[in-house]
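Here the structure comes first, spelled out in structure tokens, and everything after it is commentary.
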Amino acid sequence: MALNSFHITVYVAFNFVTAALLSFTFAASGSGSSNILSLLQPYDFLYYSGVRSYFGEEWVKAAELLEKSIATKESLLKARRQCHKDCVSAGKEALIKLDSEKGSLWDLWALDWVQQRAECMKFCIGRSVTPAGQLPVSSDIEYEFGSRNPYNFLQVTYYKLEKLQKAASAAHTYFVANPSHLEMRNNIEKYRRMEGVTEEAFQDREIENERHWVLYDSAMQYEVSSDWVQAAEKWKACVNETLRQMEECRVQCEAASQRLPEDRGVDSVDGVFEKAAALSLSLLSCRQSCVTQIATRPGRISAQEDFLPSQLEHLHIAQFKAGDISGAVQTLSSLLLFYPSDKDSLDNQQLYYETLGGDTESQGTQPAQEIVTYISQSLQEKKLLYFGMENLDFSFIDPDLWTPEDVVPESLRDVWRAEKQKINKKISEVEQQEEVDDSGFYAGGPIPQVGVTITMDNELLNGTNRVVLDGVMTEKECDRILQLAATAGSLGDGYRGRRSPHTPHETFEGLTVLRAVKLAQEGLVNQSDAKLFHELGERAQNLLHSYFRSPSGLFVSFTHLVCRSAVAGDQEGRLDLSHPVHVDNCLLEPETKQCWREPPAFTHRDLSAVLYLNDNFDGGELFFTNRDAKTVTARVKPSCGRLVGFPSGPVNPHGVTAVTKGRRCALALWFTKEKIYRDMEREEVEAMWAADGHSVAKKDEEKAEGTTARNARSQASKERGRGGRDRVTGGKDEL
């Protein structure tokens, strides 16, 4: 293989760290302690052993092995981190020669420096980790630990061992990274009610790796409350912690054993030098991927774009508003390193200079050295990676939007520009989607019920296809359904019995049409009230189908009578919501403004509605937001007979403010255009009535309206105790 001198030099540059990695990967290190049992064992082996014990119901052994696998992984990361720190100065003499000498000896001194670093790392790690423990783990294991699945097993294991405090801690840690896991959410609610489980149990055991997100959320909260001094302090800490986490990730890339090219599916790599180059590029790609890794919040699907630059933008604004103009100038100078021609940043810089007046010393403040170093390292890596793409057929996806065009080789720029345009277009589309409703509904149709009036339309509700109708129910009808809820409502209905599924400051009760009818057949509630409950769904369906001019049929998908009651004596200083901001048919990601149409979201729901029954309570307002889940665009105050309707998709994130006094009751309704997703329980109810014939009317005549169920709630419990199946418990309330 013949290469000119320029390519040889670059080729060696590729292999600075590669040779160290090859030396570390190929040589099984047996140095160090003679007692191999004292060294760190492979954490993947410990994990698999723990899982086998779990399925064998050896709970004590399973707990020990699973905990040991988590601890061993953390110890391995610490060992690599310390060895990297200890070996930084290795080969320093050869490195000094690289800066002062030229010619053929340059390559030899480079290899001498790399070899000394490699030997240092091999010896250091070999003192604390077994040879098997130094090998790369499989992608399956990476996924298991990345998704925190060991804590899923530990939660059950500790529960079986009756160690409830530890079980709750494991459940909470798993749930942080899997917030859509409904079963774990239910388990956590159960743990909260168990004797001996304290609030200290509900702490994230992986919090040390997520400190930057804790600071990020804290900074945002101070910013929302306009406490700019505290916001600036938290944003600065967040930037520093993000940089620290980034460096930690990059160190792990260098210190960990890398897979050989063939292990990565690269079939065309032949020869030791080609493998060395490919392995080196893999290392650099690993370092670059740290951007995505650090910018992805636990439990989120995608990374937050421009995570570090966005923090700097928040920081300089907070510093300016807090009066720290010099600090704002430095932070803005750091931000301009990412986007040197950004007009808004340049305008802000001019504003800051004008505010400083004659303070020329502050105007000349240089960017933060940490940011300068970070960008310099990143650009060097990008240049080598793009060189590898151009000359060595290496695949690399740049994680940054700020990468300057001159870093990309000419031959790749057209493709690079096209990819960048796609990303920018996608981001633009996400931002525009807040204003675009593709539901197929068109507001403004006729109102087919006499006495029903339009109280709020698109303009007043600041959205598309939103409506508030009044007069849908009479006061007497509201009272009847309220009495039905008081008599037959079941705590935690729809949430597997969790009486406080959204907030510990409120209790939740629910009732479905099917259960109401069954209770009526038992003579425990009034038949006419159960029939009214059923009919209200059809009434809302007819009104909304007409008003929104649905081009196809609209079917009731689910109806739920729900009441939320404020817990007396537990309302002081409340800052939470009765129901957090969400979207009904997709999983909202406020940070990225994405909404993912995937389970456990009810993706078949097309139209949402809520029919209010009362207003004698404090709070409990429905509100709409932008996709950031913070910017409120409209509010609706409940009252008897008021119906709110809107498409169930991402144009309508919504929540409910805290109910701080009294009891808020309403009918939550969802509709679908697809007949296959219609509410089969309504048809079951109608079939029951048809089979009952005239007996229904006869029972209504015999039953006085005021003699509703003596013990409907206890009867409902008995039905469940007999093994009766409540088919609707999965259809949770979302309004």
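Heads up: the sequence shown at position 73 corresponds to 1401 in the working numbering, and the numbers run straight through without jumps.
Note that beta-carbon positions come from the ideal geometry of N, C-alpha and C, so glycine has one too.
None of these values were measured; they are calculated from a predicted model.
Of the residues the options, which one's Cα is nearest the Cα of residue i?
i     : options                       : result
S1661 : D1904, Q1697, A1986 and S1630 : Q1697
N1854 : V1964, S1885, T1815 and R1877 : T1815
N1980 : S1967, S1874, R1933 and R1992 : R1933
G2070 : A1868, T1400, E1866 and G1779 : No answer is possible for residue 2070: it lies beyond the span of the chain, which begins at 1329 and ends at 2063.
R1955 : M1522, P1908, I1469 and T1701 : P1908
F1724 : S1976, Y1702, E1747 and S1704 : E1747
E1470 : L1720, H1540, L1489 and Y1371 : Y1371
G1655 : Q1573, P1695 and T1731        : P1695
L1997 : Y1940, A1957, D1946 and G1947 : Y1940
S1880 : P1978, G1768, K1671 and N1793 : G1768
Q1777 : E1738, S1874 and T1659        : S1874
R1867 : I1775, Q1444 and E1718        : I1775
L1612 : N1514, Y1714, G1524 and Y1680 : Y1714
L1905 : D1765, D1912, A1894 and C1914 : A1894
C1537 : I1516, E1517, T1501 and A1547 : Here residue 1537 is Asn; the residue named in the question, Cys, does not match the sequence. When only C-alpha atoms are compared, the closest one is T1501.
S1878 : P1975, L1812, K1671 and H1910 : P1975
G1692 : N1568, E2014, Q1705 and Q1678 : Q1678
E2019 : I1703, E1689, Q1849 and L1812 : First, the amino acid is wrong: residue 2019 is Ala here, not Glu. Checking every option, the nearest Cα to that of A2019 belongs to Q1849.
D1545 : R1533, V1567 and E1534        : V1567
Q1369 : E1385, F1383 and L1405        : L1405
L1842 : H1862, T1831, S1828 and H1830 : H1862
K1846 : N1793, K1753, M2016 and K1965 : M2016
A1529 : K1413, V1960, A1495 and L1674 : A1495
D1766 : G1977, C1914, Q1899 and G1948 : G1977
L1707 : V1780, V1735, V1379 and E1534 : V1735
S1533 : V1911, G1947, E1402 and A1565 : Just to set this straight, residue 1533 is Arg in the shown sequence, not Ser. The candidate whose alpha carbon is nearest that of R1533 is E1402.
A1418 : C1914, M1784, Q1444 and D1672 : Q1444
G1838 : D1414, H1830, S1818 and G1990 : S1818
V1911 : P1928, G1378 and S1704        : P1928
Less than 7 Å between C-beta atoms, sequence neighbours within five positions excluded: which residues of the same chain meet that for residue i?
i     : result
G1686 : none
Y1550 : Q1558, A1559 and K1562
R1902 : H1833, A1986 and T1988
L1292 : The chain is shown only over 1329 to 2063; residue 1292 falls outside these bounds and no answer can be derived.
K1488 : W1387
R1615 : R1578, C1581 and E1709
S1361 : Confidence is the limiting factor: at S1361 the pLDDT is only 40, short of 50, which leaves the residue's position unreliable, though a coordinate-based value still follows. So the qualifying residues of the chain are L1367 and R1455.
P1626 : V1504, A1505 and E1538
Could you give the C-beta distance for residue i and residue j, rounded to a whole number, given that I count them as a contact under 8 Å?
i     : j     : result
A1896 : V1938 : Contact flag wrong, Cβ pair sits at about 25 Å.
E1472 : Y1375 : 7 Å
S1585 : P1464 : 5 Å
A1498 : Y1479 : 4 Å
F1876 : A1771 : 6 Å
F1836 : L1935 : That belief does not hold up - the Cβ atoms of F1836 and L1935 are roughly 23 Å apart, past 8 Å.
L1729 : E1633 : 6 Å
G1983 : F1945 : Contact flag wrong, Cβ pair sits at about 17 Å.
R1992 : R1892 : 5 Å
V1780 : L1871 : 7 Å
Y1680 : V1700 : Contact doesn't hold; Cβ gap of about 19 Å is too wide.
Might you give, ordered along the chain, the residues of its own chain that have their beta carbon closer than 8 Å to the beta carbon of residue i, omitting 5 neighbours on each side?
i     : result
K2031 : Residue placement at K2031 cannot be trusted, given a pLDDT of 36 that sits under 50; what the coordinates show is reported in the next sentence. Only G1851, N1854 and Q1855 meet the Cβ criterion.
S1475 : A1505 and N1506
R1745 : E1733
R1741 : E1733
E2033 : Caution is warranted here: a pLDDT of 36 is assigned to E2033, below 50, making its placement in the model unreliable, and the coordinate value is therefore given only provisionally. Excluding sequence neighbours, E2033 sits near N1854 and S1856.
E1917 : R1628, I1629, S1630, C1923 and W1924
Among residues of its own chain, excluding the 5 on either side of residue i, which ones have a beta-carbon nearer than 6 Å to its beta-carbon?
i     : result
Q1531 : none
M1522 : L1492
A1631 : T1620, A1623 and T1624
H1642 : W1563
K1396 : L1374
L1789 : A1962
G1524 : L1492
Would you say residue i touches the ligand SAH, meaning its beta carbon is less than 6 Å from a heavy atom?
i     : result
P1966 : Among the components modelled here there is no ligand, and therefore nothing to report on the ligand SAH.
Are three or more beta carbon pairs between the region 1636-1644 and the region 1661-1673 nearer than 8 Å? yes
If we count Cβ pairs, one from each stretch, closer than 8 Å, do we get three or more for the region 1880-1896 versus the region 2002-2009? yes
Would you check if the region 1573-1580 and the region 1542-1561 touch, i.e. whether three or more CB-CB distances between them fall below 8 Å? no
The region 1474-1486 / the region 1604-1612 touching (three or more Cβ pairs under 8 Å): no
Can you give, in chain order, each stretch of the alpha helix (DSSP H) that sits fully within the region 1814-1881 and has at least 4 residues? Entirely contained in the region 1814-1881, the alpha helix (DSSP H) runs reaching 4 residues are, in chain order, 1841-1849 and 1855-1875.
For the structure I just gave you, are there three or more beta carbon pairs, one from the region 1796-1805 and one from the region 1959-1978, closer than 8 Å? yes
Runs of alpha helix (DSSP H) wholly within the region 1476-1526 (minimum 4 residues, chain order): 1477-1488, 1492-1505 and 1510-1521
At which residue ranges does the region 1639-1712 contain complete alpha helix (DSSP H) runs of 4 or more residues, listed in the order of the chain? 1653-1666, 1671-1684 and 1688-1691
Minimum length 3: unbroken beta strand (DSSP E) runs contained in the region 1982-2021: 1982-1984 and 1987-2000, all fully within the region 1982-2021.
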